[in-house]
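Structure, as structure tokens:
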Amino acid sequence: MASVSVPAAGTAEGLLRRPRATTGFWSWVTTVDHKKIGILYGVTAFAFFLVGGVEALLIRLQLARPNQQLLSPSVYNEVFTMHGITMVFFVVMPLSAAFINYLVPLMIGARDVAFPRLNAFSYWVFLFAGLFTYSSWLLGGAPNGGWFGYAPNSVLDPTRGMTFYAIGLLMAGIASTVSAVNLAVTIINMRAPGMTLFRMPVFVWMSLVVQFLLAFSLPIITVALVELLFDKRFGTHFFDPVAGGDPVLWQHLFWLFGHPEVYILILPAMGIVSEILPVFSRKPLFGYQFVVFSGIAIGFIGFGVWVHHMYAVGLGPIANTAFGISTIIIAIPTGVKIFNWLGTMWKGDLTFPSPMLFAIGFVSMFVIGGLSGVTHSIVPSDYQQTDTYYVVAHFHYVLFGGAIFGLFAGAYYWWPKVFGRRLNETLGKIHFWVMLVGFNLTFGPMHILGLQGMPRRIQTYPKELGLTFWNLVSTIGAFTIAVSILVFLANVVLTQRKPREHEADPWDGRTLEWLTSSPPPEHNFDEIPTVHALDEAWHRKYAETEDGRVVPVPAGGSGAGSEAEGHGGHGGHGIHLPSPSYYPVVASLGLFVLGYGLIFSWWLVALGAVVLLAGLYGWALEPSVEPSEA
Amino acid sequence: MSEAAVVHTYESEHEATSTGLPNTKLAMWIFLASDVLLFGALITTYVVYRGRSVVGPYPSDVFDIPYTSVSSFVLLASSLTMVLALAAIQRGDLGRMRLWLLATAMLGMSFVGGQVYEFTTFYREGLALTTNLFGTTFYVLTGFHGAHVTVGILMLLTLFSLSFLGRLTQRDAMTVELVGLYWHFVDIVWIVIFTVVYLIPTGP
């Protein structure tokens, strides 16, 4: 849109004057810098992580002992639903987005993403989607039908909760779709000279696969949510069995999105771990191409396994068997990755700072979750496990033991790049071990509870069922995790009070982001690096001698362009960066208002639409890069 | 320090990209691929529920195939005028471009107007959004398509207006091409919808 020609008048154009703040509140509101947006994603998602964590603690308190009435059944439904929605849509997805936004342009040697203002728009829409969904607590009740929102329960529920769910997730879906298009274009089109596809770091590859998963799965849940919204607000019959509608259609549409979503949640963490393990093993990633291709394979097969969430629905033995087989098959590329990670560490020169500990935690916990997942793929076995705590144990092993451990690994690893300081090692190790113990105490016993027959989503249980002991252990575990998160918070506060160390390359890294300064300048690299190999940064520092020994390249030696890219030079003068803008936040504010309008009043819909259109037109007419300032 | 190496602009089709494709064009293709899934899911819903309404009116009671064929033809004709508009701006003929952009928008408006008339007629004949599954799935599917056409018309009229402000010149041919891509996509989707919804009989 922005390719309309730039008028000479420049700043005078448009409804709003061009924002100028480079520090303080307004600089964050109007920023289009992918690094600032990455930090915004990270901070917001972490805040939601704390909220979702408190909801988890409430659930565990309620279940700590039999026959408790701490939360009423209806509040309990709201709490576990919001816990699920929060952790999936407002924590793991945006935390991954934080890493992808911050790192992908640096790793491929770009100055920013392809569409910086769209990037800001994605963030603001995500934030407003989260606020919108949470405002339901104050406006007539939170969503209460599970994160999967099964019809017809979601349609028939008399509260507004599931209407908030539908609109909140539609907004989150818009944010993610826009950002998927943006980041896919960035990775495909904005690579530095020499950065061929098979010289891209695995994290970039996994990010690319995730963007396509998002682009192709979100429209499906969008349709499902629109249908749910129409059923709830306008009395249509999509999921109304009385009128001939079929609630199972919701399940198909939801899981056709929902299963790729699982890989959307885990692939970025797999990418992070694939970056960290080689660095602290001091070996290249074992079988780079196998890791990449298995990631792509997971992306494709991920669209063909959704019925394994629906074995108990009664689609018949043929459908169940076919999807059982595809589910067993998808375990293969996942297993390939595990062996590649083990192969990377095998005979490596291992060191164990916090990022490495979390990465190894990821691999080991994910294996447990993966194995219990394989037991679900067997249809008769799944009949026993479905809707029990065994399933809860399984997906927390992959999403917490997997994704969250992986994301923490990334946080410790890239903290010095983003903030110019390393997180404290001792506190980091305490965080890791307390979290690992707490995690296994919380979710390990759920396997046993599930196999003993404890159903999911029950508010309480009688003493006679004999579920008391392991439930209490699980609750103790949950509070242990909470303690570990407090240790992390303390670590962050203490670290940010220290002066910056500005180490460009504290871990002896292998990828391009370590070539620039810490934190990187606004324009990322004074000069865009030319890439000659996979693990470019490593090859600039080390060379192999004739007898196969690895030796450092002397500074200023024969290595291709061995000077640090972020230093010296002209300090970034003369580099045209996209200018900050008000319009992304204005347009997303319009969507926010429009969302409330769909629940409360057509006037608000009209107001929201006007603000949205004003934002979009202001945006389209404003040049993305101010013609030469200063 | 060569300036040419570091000056880097955004969202510009003149920039050398890794694939040679302009960023905006690649983005539009990925968006359209994503939109295919949106219509795919909506059409699937329609097909799954075909013939499952428990009360009338049924499709055969309300459809006027000759009428909808004409409005479909109008929409398809607009793809031709869109191509002519793009060809005009690519050779720098702003006058012709304005003419064809306006023609495209008018044809689009005729289609949407026809849809509004059709919806009104169906409603008078007793088919509301909430009457039965047919009404529910028909209005939501065709309504989504109509909304897409409306967005396209807005973009066409915006380009038309910008050309008078001197902000759409031969250099911006890519912008017209992008709107064209979107427009053709919406047309192609209509071919599928028209076939699936109107032309294939519901069966017993």
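Residue numbers (the numbering used here), protein chains in the order written: chain A, 1 to 630; chain B, 631 to 834.
Even glycine gets a Cβ: it sits at the ideal position worked out from N, Cα and C.
Inset, instruction - Give me the Cβ distance between T81 of chain A and G145 of chain A, rounded to the nearest whole Å; I'm assuming they're in contact under 8 Å. - result: 6 Å
Inset, instruction - From the DSSP output, in three-state form, read off A47 of chain A for me. - result: helix
Inset, instruction - Please work out which residues of its chain come closer than 6 Å, Cβ to Cβ, to L127 of chain A, disregarding the five sequence neighbours upstream and downstream, and give them in chain order. - result: T44
Inset, instruction - Check distances from the C-beta atoms of the region 680 to 695 of chain B to those of chain A and list, in chain order, the residues that come in under 7 Å. - result: R682, S683, V684
Inset, instruction - Just the C-alpha distance for A490 of chain A and L103 of chain A, rounded to the nearest angstrom, thanks. - result: 25 Å
Inset, instruction - Answer yes or no: does any C-beta atom of chain B fall closer than 8 Å to that of G149 of chain A? - result: no
Inset, instruction - For I830 of chain B, collect the residues of the same chain with a Cβ closer than 6 Å to its Cβ; drop the 5 residues on either side in sequence, then sort them by chain order. - result: none
Inset, instruction - Might you give, ordered along the chain, the residues of its own chain that have their beta carbon closer than 6 Å to the beta carbon of R191 of chain A, omitting 5 neighbours on each side? - result: I108
Inset, instruction - Tell me whether T334 of chain A sits in a helix, a strand or coil according to DSSP, three-state version. - result: helix
Inset, instruction - Kindly indicate if chain C contains any beta-carbon less than 8 Å away from that of H237 of chain A. - result: Checking the listed chains, one finds no chain C in this structure; the protein chains it contains are A and B.
Inset, instruction - Note the first and the last residue of the continuous beta strand (DSSP E) segment covering V550 of chain A. - result: 550 to 552
Legend entry - Cβ neighbour criterion (16 or more within 10 Å) applied to A777 of chain B: exposed
Legend entry - Selected residue, minimal CA-CA separation from P499 of chain A, among A:T511, A:V487, A:S518, A:W507: A:S518
Legend entry - Check whether G406 of chain A and F362 of chain A have beta carbons under 8 Å apart: yes
Legend entry - Cβ pair count under 8 Å reaching 3, the region 41 to 58 of chain A against the region 87 to 104 of chain A: yes
Inset, instruction - Kindly say whether R18 of chain A, judged by its beta-carbon, lies nearer than 8 Å to any beta-carbon of chain B. - result: no
Inset, instruction - Enumerate in chain order the residues of its own chain whose CB-to-CB distance from V473 of chain A is below 7 Å, with the five nearest sequence positions on each side excluded. - result: L441, P445
Legend entry - P201 of chain A vs I276 of chain A beta-carbon contact at 8 Å: no
Inset, instruction - Mind reading off the beta-carbon distance from V379 of chain A to G324 of chain A? Whole number of angstroms is fine, and I expect it under 8 Å. - result: 5 Å
Inset, instruction - Give the interface partners of A215 of chain A over in chain B, defined as CB-CB distance under 7 Å, in chain order. - result: I660, A663, S664
Inset, instruction - Kindly say whether V770 of chain B, judged by its beta-carbon, lies nearer than 8 Å to any beta-carbon of chain A. - result: yes
Legend entry - Cβ-based burial, E807 of chain B [other Cβ within 10 Å; buried from 16]: buried
Inset, instruction - Please classify Y688 of chain B: does DSSP put it in a helix, a strand, or coil? - result: coil
Inset, instruction - Tell me where the alpha helix (DSSP H) around A97 of chain A begins and ends. - result: 93 to 108
Legend entry - Sheet register partners of E544 of chain A (DSSP bridge): A:V550
Legend entry - Per DSSP, cross-strand counterpart(s) of P445 of chain A: Paired residue(s): none; P445 of chain A is not in a bridge.
Inset, instruction - Compare the beta carbon distance of G509 of chain A and A543 of chain A with 8 Å and say whether it is the shorter of the two. - result: no
Inset, instruction - Verify the CB distance criterion: does M190 of chain A have a CB-CB separation below 8 Å to chain B? - result: yes
Legend entry - Helix, strand or coil at P635 of chain A according to DSSP, with G and I counted as helix: The structure shown does not extend to residue 635 of chain A, since chain A spans only 1 to 630, so no value can be given for it.
Inset, instruction - Check whether the region 180 to 200 of chain A touches the region 111 to 120 of chain A, taking contact to mean three or more Cβ pairs, one atom from each stretch, closer than 8 Å. - result: yes
Inset, instruction - Would you mind listing the alpha helix (DSSP H) stretches within the region 767 to 823 of chain B that are 4+ residues and don't spill past its ends, in chain order? - result: 803 to 823
Legend entry - Segment limits, alpha helix (DSSP H) that includes E275 of chain A: 247 to 281
Legend entry - Any C-beta of chain B under 8 Å from that of T177 of chain A: yes
Inset, instruction - Compute the beta-carbon to beta-carbon distance between I301 of chain A and I330 of chain A, rounded to the nearest angstrom, for a pair I have assumed lies under 8 Å. - result: 4 Å
Legend entry - chain B within 8 Å of I220 of chain A, Cβ atoms only: yes
Legend entry - Span of the alpha helix (DSSP H) around V704 of chain B: 695 to 720
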